[in-house]
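One structure is given below, encoded as structure tokens.
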Amino acid sequence: MGLSPVSWSWAGVACGLLSFAILFPPDPALRFTSPPFKAPTEPDGYVSWRKAADGKRYGRQTVHIKSGEGELYAWLYLPTEARRRVPIYIICHGLGALMVTGSAPVAEKVQEKGGAALTFDYRMWGFTAGEPRQIIEPGMQLQDLRAVIEHVINTDGFGGLVNPADIHLFGTSYAGGHVLVTAAQFAEENNARLLRSVRSITSVVPLLDGKAQLRKALQQRPFFRALRYLAAILADLLRQAAGHRVQPVYVQVGGSRDDSALPAIELKDTEFDIWKDRAIISSATGSWSNSLAARSLFWTSQYRPIERLPSIRTPTLLVKAENDGTCIPELTDEAVEILNAATGSSDAASEAAPLAELLTLPINHFEVYVPPYLDRIVEACMDFGRRHGGSVPVSDHEPRTAAAA
């Protein structure tokens with residue numbers, strides 16, 4: 007016989023008391039102060055230049071995009087040749103990352119290969135304001151991505167610089183799930199305007215099932231560490247219930263499996279080395295620390311993009327890392343099967359190209375962010391985008407003297 011509601015209530019109280027017993031005196035691995043926020047000084051339209059390995063100079067323009075009650079800080083990358091109505095790739099990064107390390111390197115590759123790209127920091131992260139800092143709420147991040155897409159459309163592609171009817175979404179890891187869910191939302195809403203505008207999706211080493219991901223993470227940890235991990239999540243949820251005046255409980259975003267801390271992502275070997283190098287760059291911005299509100303892990307456990315896949319109608323390229331120790335690579339194979347099964351029920355559909363394609367690489371989760379695999383993934387993404395896009399340049403090639411008009 008199941009527990010009565012009263013019994014469940016007492017069980018909840020007992021769990022709460024257990025969490026406080028473990029956390030107070032505070033677990034030395036936890037933090038109770040919000041990470042820093044350094045407001046950016048670049049105004050809207052500011053152009054920053056860099057010199058790439060090919061010897062050319064490339065411009066990056068600062069853009070501010072309204073989302074909810076806040077404003078996203080974003081960077082727009084345009085090709086050096088002055089073409090109008092070019093395809094644009096909206097680049098989204100993964101859990102605990104900033105655009106400076108997570109999505110800007112992808113955008114730079116797109117730009118160097120002749121495309122346009124747009125990156126942004128989610129609310130409460132990086133150069134985008136929002137308090138308390140460094141909390142992940144999938145619903146809010148999905149709103150931010152949607153706001154970026156609609157901004158491109160509503161501004162007519164930044165005044166004709168890009169084609170608002172030739173948008174391509176690119177997401178890695180956590181955001182690999184975001185781009186899939188966003189496409190599913192557009193289809194479920196039967197939103198013809200957005201469905202016409204978003205021409206392809208590239209989902210790289212995606213988080214597809216948060217519930218399975220949390221289960222995997224707990225199984226990889228020793229019992230007492232898993233208990234501390236769960237206690238931190240519960241304590242932070244209790245703090246959230248107490249209101250915004252109470253600071254969150256922070257665990258680390260990432261760390262070594264040999265460390266005594268409580269990282270959300272436990273890494274080893276090459277994965278940890280690549281993550282650490284990116285973390286150093288993120289810290290240098292002054293708007294990031296190795297901290298993640300523990301409640302984010304609960305919200306992640308409720309986030310299951312794989313359940314939304316049957317709704318998707320947008321051509322999708324999935325990238326799987328065979329040696330992925332962070333996400334679950336087998337789910338990427340399953341995702342391809344689900345997407346193609348959903349569109350292959352009719353004879354006409356079976357004769358057409360499959361909705362989803364799979365690129366499998368013999369690498370780990372974080373090698374997708376570094377050469378030579380980053381270049382290969384961007385090339386595959388842009389080739390896929392050209393096959394499913396609809397942009398036609400409307401002016402002759404001329405040297406571009408500014409990142410945007």
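Residue numbers (the working numbering): 7 to 411. The beta carbon of each residue, even a glycine, is placed where N, CA and C say it ideally should be.
Check                                                                                           : Outcome
Beta-carbon gap between I96 and F176 smaller than 9 Å                                           : yes
For R199, the three-state DSSP class (helix, strand or coil)                                    : helix
Cα-Cα separation, D162 to K72                                                                   : 16 Å
Beta-carbon spacing of T208, I383 below 9 Å                                                     : yes
Distance, L298 Cα to A270 Cα                                                                    : 8 Å
Reduced DSSP secondary structure (H/G/I, E/B, other) of S351                                    : Only weak support exists for where S351 lies, its pLDDT of 45 falling under 50; the coordinates are left without a value.
Meets three-Cβ-pair contact criterion under 8 Å: the region 78-88 and the region 257-271        : no
Contact set for G102: own chain, Cβ-Cβ below 6 Å, skip 5 residues either direction              : V259 and L298
Beta-carbon proximity list for E363, same chain, < 6 Å, skipping 5 on both sides                : L323
9 Å Cβ cutoff met for T178 and V204                                                             : no
Alpha-carbon spacing of G100 relative to R90, whole angstroms                                   : 30 Å
Proximal residues to L412 (C-beta, below 6 Å), its chain only, five neighbours per side dropped : Residue 412 falls outside the range modelled here, since the chain spans only 7 to 411, and no answer is possible.
Environment of Q117 [buried if 16+ CB atoms lie within 10 Å]                                    : buried
Minimum C-alpha distance to E75 - residue among C98, E137, K119 and R37                         : E137
Residues bridged to P79 [DSSP beta-bridge criterion]                                            : The question names Pro, yet the displayed sequence has Tyr at residue 79. Y79 pairs with H70.
Length-filtered (3 minimum) beta strand (DSSP E) runs lying within the region 250-280           : 256-262 and 269-273
Collapsed DSSP secondary structure at C387 in the structure displayed                           : helix
Which of helix, strand or coil DSSP assigns to P316                                             : helix
Residue interval of the beta strand (DSSP E) (run including I239)                               : Here I239 belongs to no beta strand (DSSP E); instead the alpha helix (DSSP H) covers F229 to A248.
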